[in-house]
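Residue numbers (full-length UniProt numbering): 1 to 233. Where a beta carbon is used, it is the ideal one built from N, C-alpha and C, also for glycine. Okay, structure first, notes after.
Given below as structure tokens:
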């Protein structure tokens, strides 16, 4: 049976501080690299998971703090003049211009409704965050309206984990159902499978993997799907 790996509290840290870390370490929320050196980016408690060599700063964040180039799953809450107001879980709604979509023109632009979801990118965090649904690389990266599906919230650290190289959560889920997914670092995930029930099971799989070490992820996801078998049948 899958077991949760414990985190050890190391010390209280503040922005700008550096710390000693083990070789081959991985870094999560609250830690950024400056000139190649892992540096604390927010106040909190530095925590370490020995099994995965994973460090992060715990500060019980309830709000998302935008950074430039963050990708987010946002919810349209209102139309105002030539822009949408988008809830990305931040200190205020982000603004999304009507023309900030791939191939959008004044005559041809998306017509989004309140409650619709979009996959977007942060381009400014000054005063009111600005987001766009255009890829910086001029490629098809899935930005834009997320049609249908199921949206749910998870800890920001989990979003960063499943977006990182070496995480097998999504690969394991794909063994049980085909799915499309958009993961935002703001703690929001959107998923679409062949049916609503599978959408819910995928959410359960992701939440059940919180704190589970990688080697135990396949077993955890298998248990989730098996627990839903009576309903699926």
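Original post:
From this set, 202, 91, 105, 57, which residue's C-alpha is nearest residue 13's C-alpha?
Top reply: The shortest C-alpha separation from residue 13 is found at 57.
Subject >> Cβ neighbours of residue 220 in the same chain (closer than 6 Å, five flanking residues each side left out) >> reply: Excluding residues within five positions, the ones whose Cβ falls inside 6 Å are 2, 208, 209, 212.
Subject >> Residue ranges of each beta strand (DSSP E) within the stretch 135 to 182, 3 or longer >> reply: Listed in chain order, the beta strand (DSSP E) runs fully inside the stretch 135 to 182 are 144 to 146, 150 to 153, counting runs of at least 3 residues.
Original post:
Excluding sequence positions up to five away, which residues of its chain have a Cβ less than 8 Å from the Cβ of residue 134?
Top reply: The residues are 100, 101, 102, 121, 143.
**OP:** Kindly give me the distance between the Cβ atoms of residue 80 and residue 182, rounded to whole angstroms, as I take these residues to be in contact under 8 Å.
**Re:** Incorrect: roughly 24 Å between the Cβ atoms, too far for contact.
Subject >> Assigned exposure category for residue 22 - 16 Cβ within 10 Å defines buried >> reply: Around the beta carbon of residue 22, fewer than 16 other beta carbons sit within 10 angstroms, so the residue counts as exposed.
Subject >> residue 185 versus residue 146 - alpha carbon distance >> reply: A straight line joining the alpha-carbon of residue 185 with that of residue 146 spans about 16 Å.
Subject >> Buried versus exposed, by CB contacts within 10 Å (16 or more), residue 15 >> reply: Classification of residue 15: exposed, given that the 10 Å Cβ count is below 16.
**OP:** Might you give, ordered along the chain, the residues of its own chain that have their beta carbon closer than 8 Å to the beta carbon of residue 90, omitting 5 neighbours on each side?
**Re:** Spatial neighbours of residue 90 in its own chain (CB-CB distance under 8 Å, excluding positions within 5 residues in sequence) are listed in chain order as 63, 64, 65, 66, 129, 186.
Subject >> Option nearest residue 71 by Cα separation, candidates 48, 45, 156 >> reply: Selected option, being the one with the closest Cα: 156.
Subject >> Run of the alpha helix (DSSP H) containing residue 129, from where it starts to where it stops >> reply: Here residue 129 belongs to no alpha helix (DSSP H), and DSSP marks it neither H nor E.
**OP:** Report back the beta-carbon spacing between residue 201 and residue 162 to the nearest angstrom; my notes put them in contact at under 8 Å.
**Re:** The pair is not a contact, with the Cβ atoms about 16 Å apart (cut-off 8 Å).
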